[in-house]
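Worksheet: the structure to be examined is printed underneath.
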DNA sequence: ACAAAGATAGTTATATTATAACATATTCGT
DNA sequence: ACGAATATGTTATAATATAACTATCTTTGT
């Protein structure tokens, strides 16, 4: 897998996002001896259907549609817990929603731009942001374990036009 | 009110935090023609009882103890909504909890260190952090409306000893 | 191949967080 | 004092998440 520019806010062939994410997930789980079961993979695919974070119950509804059996909340939450543990997805706490991680292979913080209009999320990869947080923590004597940065506002598209899909 | 160093993780006379916060709240609400009613002030005081973010239902329970009448959730959430609107408190989304703002007089983002051990929260005031986020947004063409940074880990005290109160 | 152990998924119930909708009371401007 | 606006009380319910127990599947050692 080559390096990728963030493209949630850019026109792109989304099927590549999905296939890359699934391929990466399979590779990572195989390497770690973690089991990417059918349900877990289904949830991951549903999350990757767009760059818009999805809530647990939205995922549940979509799972239920595709299934003959009824689907209960624990099914979804367990799959989400697994995907979070494996860092295949991120949780956006401010909106109780989940989004696919475009580069689960290397460890990183959860930093996002979130468009209030179209709902899309784009991961931020800024050495400058990461380093300044690290520096502030060091100065405060604070030992960082995890972090999330959620920046809300308008994406480039929505600043100038009306909202849209995908 | 003079400039204050962040001190949630530092030994300090906490009564000053409370009185400063209340004084500032009164001043701000007066200036804005906003009504800091009895309930709103009570909730603000409860939030300021420590530097640990408190959940809505924890606040509700404490309100109920002090009151003869039963207290229902909307009472608390309305007070919280008011205090959030006036920027007298911040919401920590990752833990569904609320914490007092030590300098509600000037507008600012919600950036916090949160100790996993003792539960205390300290606001981050780092030009470097703010500027790097602003810069990343500009580069991405993203128009920032609001933001929250929640950094979890161990505070200076808890890195070296066991957790404690206040 | 088989049984035991461990991990995953099904199922039911419930906890936790938050809001809707409508009635009542209080405050503010005139 | 009066009406309008704001705030609070009250009841019900929505939305998010987990506990606890059962059943099934997968792996592993023999």
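Chains as they are written, first to last, in the working numbering: chain A, 6 to 171; chain B, 6 to 171. For every residue, glycine included, the Cβ atom is placed at its ideal position computed from N, Cα and C.
Would you kindly report the start and end of the unbroken alpha helix (DSSP H) that includes residue 34/A? In the first chain, counting from the first residue as 1, residue 34/A sits at position 29. Taken as a continuous stretch (DSSP letters only), the alpha helix (DSSP H) holding residue 34/A covers 19-37.
In chain A, what lies closer than 8 Å to residue 149/B by C-beta? Walking along the second chain from the start, residue 149/B turns up at place 144. By Cβ distance, chain A contributes 156, 157 and 158.
The stretch 123-146 of chain B: which residues have C-beta closer than 8 Å to a C-beta of chain A, in chain order? 127, 129, 131, 133, 134, 136, 137, 138, 140, 141, 142, 145 and 146
Closer than 7 Å, Cβ to any Cβ of chain B: which residues of the stretch 98-121 of chain A, in chain order? 98, 99, 118 and 121
Compute the beta-carbon to beta-carbon distance between residue 50/A and residue 23/A, rounded to the nearest angstrom, for a pair I have assumed lies under 8 Å. Within the first chain, residue 50/A is the residue found at index 45, counting from 1. Within the first chain, residue 23/A is the residue found at index 18, counting from 1. Going by Cβ atoms, the distance from residue 50/A to residue 23/A rounds to 7 Å, so yes, they are a contact pair.
Taking all protein chains shown into account, decide if residue 150/B is buried (16 or more other Cβ within 10 angstroms of its Cβ) or exposed. If you number the second chain from 1, residue 150/B lands on position 145. With fewer than 16 other Cβ atoms within 10 Å, it is exposed.
With a cut-off of 8 Å, do at least 3 Cβ pairs link the stretch 104-120 of chain B to the stretch 108-115 of chain A? Judged by Cβ distances under 8 Å, the stretch 104-120 of chain B makes no contact with the stretch 108-115 of chain A, as fewer than three pairs qualify.
Less than 7 Å between CB atoms is the rule here; does residue 16/B satisfy it with respect to chain A? Taking the second chain and counting its residues from 1, one reaches residue 16/B at position 11. No, its Cβ sits nowhere closer than 7 Å to a Cβ of chain A.
Going by alpha carbons, who is nearest to residue 160/B out of 146/A, 65/A and 40/A? For the purposes of this step, residue 160/B is taken as the residue at position 155 of the second chain. The shortest Cα separation from residue 160/B among 146/A, 65/A and 40/A belongs to 146/A.
So the alpha helix (DSSP H) residue 89/A belongs to, where does it begin and stop? For the purposes of this step, residue 89/A is taken as the residue at position 84 of the first chain. Following the DSSP letters along the chain, one finds residue 89/A inside the alpha helix (DSSP H) bounded by residues 78-90.
Under a Cβ-count criterion, where at least 16 other Cβ atoms within 10 Å of its own Cβ denotes burial, should residue 170/A be classed as buried or exposed? Along the first chain, one-based indexing puts residue 170/A at 165. Because the pLDDT at residue 170/A is just 48, under 50, the model does not fix this residue reliably, and the value given afterwards should be weighed accordingly. Label assigned to residue 170/A: exposed.
Counting C-beta neighbours from all protein chains within 10 Å, is the total for residue 55/B 16 or more, i.e. buried, or is it exposed? Along the second chain, one-based indexing puts residue 55/B at 50. Buried is the call here.
Ordered along the chain, which non-local residues of its own chain (more than five positions away) have a Cβ less than 7 Å from that of residue 163/A? Translated into positions along the first chain, residue 163/A becomes position 158. Hits under 7 Å: 120, 122 and 123.
Thinking C-alpha only, which one of 88/B, 58/B and 125/B is nearest residue 158/B? Looking up residue 158/B in the second chain gives position 153. Taking only the C-alpha atoms, the option nearest residue 158/B is 125/B.
So residue 164/B contacts chain A; which residues on that side make the cut at Cβ distance below 9 Å? Numbered from 1 along the second chain, position 159 holds the residue referred to as residue 164/B. 146, 147 and 148, listed in chain order.
What residue range is occupied by the uninterrupted beta strand (DSSP E) comprising residue 135/A? As a first step, residue 135/A is located in the first chain; it is residue number 130 there, counting from the start. In this chain, residue 135/A is not harboured by any beta strand (DSSP E); it is covered by the alpha helix (DSSP H) spanning 132-145.
Hey, residue 76/A and residue 69/A: beta-carbon distance below 7 Å or not? Indexing the first chain from 1 puts residue 76/A at position 71. Indexing the first chain from 1 puts residue 69/A at position 64. Cβ atoms of residue 76/A and residue 69/A: closer than 7 Å.
Would you verify that the beta carbon of residue 72/A is, or is not, closer than 7 Å to some beta carbon of chain B? In the first chain, counting from the first residue as 1, residue 72/A sits at position 67. Output row for residue 72/A: interface = no.
Between the CA atoms of residue 103/A and residue 39/A - distance to the nearest angstrom: As a working mapping, residue 39/A is identified with position 34 in the first chain. As a working mapping, residue 103/A is identified with position 98 in the first chain. C-alpha separation (whole angstroms): 20 Å.
Among residues of its own chain, excluding the 5 on either side of residue 41/B, which ones have a beta-carbon nearer than 7 Å to its beta-carbon? Taking the second chain and counting its residues from 1, one reaches residue 41/B at position 36. So the list reads 30, 31 and 34, once near-sequence residues are dropped.
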